[in-house]
Amino acid sequence: MKDDSYKELLTRIEDQLSKVEVKKTDRIEIPKAETFWIGQKTFFRNFSIYPKLLRRTTEHFMMFLSKELATSASLDGDRAIFIGRKTPDSFDFILKRYIRQYVVCTVCDSYDTSLDKVKRLYFINCEACGAKTTAGSR
Ligand SMILES: [Zn+2]
0 MKDDSYKELL
10 TRIEDQLSKV
20 EVKKTDRIEI
30 PKAETFWIGQ
40 KTFFRNFSIY
50 PKLLRRTTEH
60 FMMFLSKELA
70 TSASLDGDRA
80 IFIGRKTPDS
90 FDFILKRYIR
100 QYVVCTVCDS
110 YDTSLDKVKR
120 LYFINCEACG
130 AKTTAGSR
């Protein structure tokens, strides 16, 4: 994908997400990522609240972050530690991507979904409208 169309796509995704947040009153609040640096490491202080909030496994969420940030990660209690200095913005951005790709139902925009893995593919099962859609790379 070319850089421009990629950026455009991301802007569109962010637009959709902000619309979703405004539209629904029962929408779950996605807290901002709290991160800080020590040396050449980034500590993601409130890491563990996201898998709980989004009802996804820690492993899956961690793997996604690690892949998107192109670095290795490890767990430290409720925190996650990433190699290299990553900006807080990049975490918020990746969070939104994760929600878009692996949480939100594309049919009705509900967050009440579960994630299934069939062979190597992920599917989002919507508990609100019953839709089953493929997850990832949206
Ligand atoms: Zn749905």
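Using numbering that gives the first Met the number 0, the letters of the sequence shown correspond one by one to residues 0 to 137. Built from N, CA and C at the ideal position, the CB exists for glycine as well.
Runs of alpha helix (DSSP H) wholly within the stretch 20-57 (minimum 4 residues, chain order): For the stretch 20-57, whole alpha helix (DSSP H) runs of length 4 or above, ordered along the chain, are 48-53.
Given a cut-off of 9 Å, decide if L53 and Y121 are closer than it, judged by their beta-carbon atoms. In this structure, L53 does not lie closer than 9 Å to Y121 by Cβ.
With 9 Å set as the bound, which would you pick, yes or no: does the beta-carbon of K95 sit closer than that to a beta-carbon of chain D? Included in the structure is just one protein chain, with no chain D present.
Going straight from the alpha carbon of D75 to that of F90, what length do you get? The straight-line gap from Cα to Cα measures roughly 17 Å.
Name the two residues that bound the continuous beta strand (DSSP E) containing R96. Annotation for R96: no beta strand (DSSP E) segment contains it, though the alpha helix (DSSP H) segment containing it runs P87 to Y101.
Can you look up K131 in the DSSP assignment and give me helix, strand or coil? Three-state result, K131: strand.
Give me, in chain order, the residues of the same chain whose beta-carbon lies closer than 8 Å to that of K23; leave out the 5 immediate sequence neighbours on both sides. Unreliable placement is indicated for K23, whose pLDDT of 47 sits below 50; no coordinate value is reported for it.
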